[in-house]
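Take a look at the structure below.
Protein chains: 4
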Amino acid sequence: MNQIAEIDKYPHMISVRVRNFEVDSQGIVHNAVYLNYCEIGRVEYVRTLGIQLLPTGIFDNQFKINVKRNEINYESPAYLDDLLNVHTRISYIKNSSFCFDHIIMRPSDRTLIITQKSVQVNLNLKTGRPERLPDDIRKIIMNFDKSCYEI
Amino acid sequence: MNQIAEIDKYPHMISVRVRNFEVDSQGIVHNAVYLNYCEIGRVEYVRTLGIQLLPTGIFDNQFKINVKRNEINYESPAYLDDLLNVHTRISYIKNSSFCFDHIIMRPSDRTLIITQKSVQVNLNLKTGRPERLPDDIRKIIMNFDKSCYEI
Amino acid sequence: MNQIAEIDKYPHMISVRVRNFEVDSQGIVHNAVYLNYCEIGRVEYVRTLGIQLLPTGIFDNQFKINVKRNEINYESPAYLDDLLNVHTRISYIKNSSFCFDHIIMRPSDRTLIITQKSVQVNLNLKTGRPERLPDDIRKIIMNFDKSCYEI
Amino acid sequence: MNQIAEIDKYPHMISVRVRNFEVDSQGIVHNAVYLNYCEIGRVEYVRTLGIQLLPTGIFDNQFKINVKRNEINYESPAYLDDLLNVHTRISYIKNSSFCFDHIIMRPSDRTLIITQKSVQVNLNLKTGRPERLPDDIRKIIMNFDKSCYEI
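Order-wise, the sequence lines are chains A, B, C and D. Residues 3 to 153 (our numbering) make up the first sequence, in order. Residues 3 to 153 (our numbering) make up the second sequence, in order. Residues 3 to 153 (our numbering) make up the third sequence, in order. Residues 3 to 153 (our numbering) make up the fourth sequence, in order.
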C-alpha cells in the first residue's frame, strides 16, 4: 500500500494502547477517537521540536495553532488493547497554515488503520486572525521534517 | 428497591440517550460515562434554579463549585441506545460543601442503573479556598428541593 | 455563507448542548467532539426513517454501515453551554457507499460552526465486504431526503 | 499526607500524560477522566500478573470482572500536559469481590491528585452471577501484592 511505503517520510512516531473507553459496541475503536490519537501525535511531535505546550493550550513561543480542517480515511478497524503506532509529519507550510499528515499502523501485523490530514492555522494572539508562521519555527520544522515543503 | 421508592424526593429529572461512543466492547455504558450523565443532571438542575453556567465554567452569581468526592454504585448495566432518566437532588448543605444525589433509571423496564453521590465545595474565587455557601443560594435550593436539609 | 443558504436541503435537525467534558482548556469544543455530534445526528436521522439501532450497533434491517471517511471544516468555535443545531442529510448514494452531510449551527447568533461529510459503506454481515445498499432502503432515504441523488 | 506515606504498599505504577481532550474550560482534568486513568492502571496491573485482556473485554483465564462501585476523592487539580503517576494495588479480596485502590500523584511537585477505590466483582460467564474468585488468581495476586489480605 502506498501509505505504508511512504512511512519513512514521517520523522515522528509514538505508540498508543487502545483502551476500553475508546471502543464501541463492536469492540472497534470509535471513529472520533482517532482524532485524539493524531492530536497526541501532534503534541509529541511539537514537543520533540523543543516547543512546550502551556496549561492554556498555547505553545510557549507564541505558536497558537488551531485545527481548520480534518480529513480521515478509515482503512482497517483497530481493536481493544491493540498497540498502535501514530506516525506524524508536517507535509507542507503555506503562509499562516500548514498541514500535519498522520498514519496509524498496527505494527503486530503491519496493518494500516487510518490516514489523516489535519490543516492547522497560526493565529495572532491579540487579533485572533491568521498570521504568517514565523521564520524561526519554519526553520525548526524543516530541519526536523526533511520532506516538508513551503508553498 | 429503596432507591426507587425514594425517587419522589428528587425534584429534577432529565433524559439522556446512550450513544455509541459511550459504551464499551460489551455494549454496556462505560463506568466513567455515568459521571458525565450525573454532571449533565447537576448543570440542568442548577439551570432550573435560574443560575447560568458561564463559558468559564463558573455559575453566574459567583457560585464556583468544585467536585470534592464522587461515589457511584453500579446496579445494572445500561445498553447502547437506552433512554435513561437522571434524577437529581441536593440531599444536604453543610458550611461550604453540599451533596448532589443522583439516581439513573431505565424507565422502559423500571430498572435502577446507578446511584451516585457527588460532594461539591463552594470556593472563594480570589483565594481558591472553601467559603460558606451564600444564604440566598441556600434559600433558592431549599425552596426547590424540599427534602434537602442543612447540617 | 453558502452552507447556511443550503440549510433548507437538510431534512433532519437535532439540538445538542455543549458540556463541560467536551471543551478544552480554551473553553471551546474539542475538534474530535464534533464527530460525536454528527454521529448523534446520523443515528437520529436513521431513527426518523423508522430504522432501529440495535444494542450490537447494527441497524435492525440488516443495515450494517461503517464510516469510511470523515471530512470536517472548522468555521467558528463553539463554547461551553452553547445550544447547537446539527443538520443532517444524505447527499448521494453510490453502489455500497453513501454520504452524510452535516452542518452545525449556533442558532442564537446564526453562526456556522462546522461542516462535515461522512462517507459510509454498507457491509455484508457474513463476509464483511461492501454490498449494494438495498433498494428498499434507497427508496426510504430518497423519499425523506428530497435533494439526495443516486450516482 | 497519609496516602503519600502509604505509596510503598502499591506494587504497580504507570504514567499518563494529561491531554487537551481530558481537561475542562478551567484547564483542569475533568472529574470523570480520573476513572479512565485508574482503569488504565488496573488493566496494566493485571497485564503485569500475566493475564491478558481479550478483544471482548474479558481477561483470558475466565476472569470476568465488573466494576460494582467507585469512590474517588479529589485532592488537588491536575493540569493540561501534566505527567501523572497512577499507583495501583488490590487492598482486599472477599469471596467474589475485591478492591483496587489507586493513588494518582504529580511527581514533579509530589502533589497528591486523587485517591480512588474501585470494587470489582468476578462473574460467572454463563449465569452472569457473582462467583468466588478462583484460588489460582488469588495466589497470583497475593504473591504480587504483599499488603493485600483476604476477608
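We put the CB at the ideal spot given by N, CA and C, even for glycine.
Residues of chain C with a Cβ closer than 8 Å to the Cβ of A/Gln28 are, in chain order, Thr58 and Gly59. Between A/Pro132 and A/Val123, the gap from beta carbon to beta carbon is short of 8 Å.
Cβ-Cβ separation between B/Leu125 and B/Asn68: approximately 6 Å, consistent with a contact (criterion under 8 Å). With contact defined as three or more Cβ pairs closer than 8 Å, the stretch 15-23 of chain B and the stretch 4-21 of chain C are not in contact.
Beta-carbon to beta-carbon, A/Tyr81 and D/Pro57 are separated by about 5 Å, close enough to satisfy the 8 Å threshold. Contact annotation for B/Val25 against chain A: Val25, Asp26 and Ser27 [CB-CB distance below 9 Å, chain order]. In the displayed model, D/Pro109 falls within a helix according to three-state DSSP.
Within 10 angstroms of the beta-carbon of C/Asn33 lie 16 or more other beta-carbons, which makes it buried. Taking a C-beta distance under 8 Å as the contact criterion, A/Thr90 and A/Phe100 do not qualify as a contact pair. The beta carbons of D/Asn87 and D/Gln118 sit no closer together than 8 Å. The beta carbon of C/Gly29 sits closer than 7 Å to the beta carbons of Tyr81 and Leu82 from its chain, once the five residues preceding and following it are set aside; these are given in chain order. By the CB criterion at 8 Å, D/Arg134 and D/Ser98 fall inside the cutoff. Nearest neighbour of A/Val18 by Cα position, chosen from A/Ile105, A/Lys141 and A/Asp26, turns out to be A/Ile105. When C-alpha distances from C/Thr129 are compared across C/Met15, C/Ile153, C/Lys96 and C/Lys66, the shortest belongs to C/Lys66.
The straight-line gap separating the alpha-carbon atoms of D/Asp84 and A/Ile74 is approximately 28 Å. Contact between B/Cys150 and B/Ser93 holds: their C-beta atoms lie close to 6 Å from each other, under 8 Å. About 13 Å separates the beta carbons of A/Lys70 and C/Tyr36, which is beyond the 8 Å limit, so they are not a contact pair. Rounded to whole angstroms, the Cβ separation of D/Ile42 and D/Ile16 is 7 Å, and the two are in contact under 8 Å. Look at the stretch 68-82 of chain C: the residues with a C-beta under 7 Å from a C-beta of chain A are Val69, Lys70, Arg71, Asn72, Glu73, Ile74, Asn75 and Tyr76. For the stretch 52-116 of chain A, not one full-length alpha helix (DSSP H) segment reaches 4 residues or more. Its Cα nearest to that of B/Ile153, the residue B/Ile95 stands out among B/Ile95, B/Val48 and B/Thr50.
The Cβ-Cβ distance between C/Leu51 and C/Ile143 falls below 8 Å. Bridge partners of B/Tyr151 according to DSSP: B/Tyr94. Annotation: Cβ neighbours of D/Leu37 in chain B (cutoff 8 Å, chain order): Asn33, Ala34 and Leu37.
Taking 8 Å as the CB threshold, C/Asn22 lines the interface with chain B. Residue nearest to A/Tyr39 within the set A/Met107, A/Lys141 and A/Asp10 is A/Met107 (criterion: CA-CA distance). Residues of chain C whose Cβ lies closer than 8 Å to the Cβ of B/Ile16 do not exist; the shortest such Cβ separation is about 10 Å. Burial is judged here by how many other beta carbons sit within 10 angstroms of a residue's own beta carbon; D/Asp147 has at least 16 and is buried. Annotation for B/Ile16: the continuous beta strand (DSSP E) segment containing it runs His14 to Arg19.
Nearest to B/Pro79 by C-alpha distance, out of B/Ile53, B/Lys11, B/Tyr47 and B/Ile116, is B/Ile116.
For D/Phe23, there is no enclosing alpha helix (DSSP H), since its DSSP letter is neither H nor E.
The three-state reading of DSSP puts D/Lys128 in coil, since its state is none of H, G, I, E or B.
Nearest to A/Leu127 by alpha-carbon distance, out of A/Asp62, A/Arg49, A/Lys11 and A/Val31, is A/Asp62.
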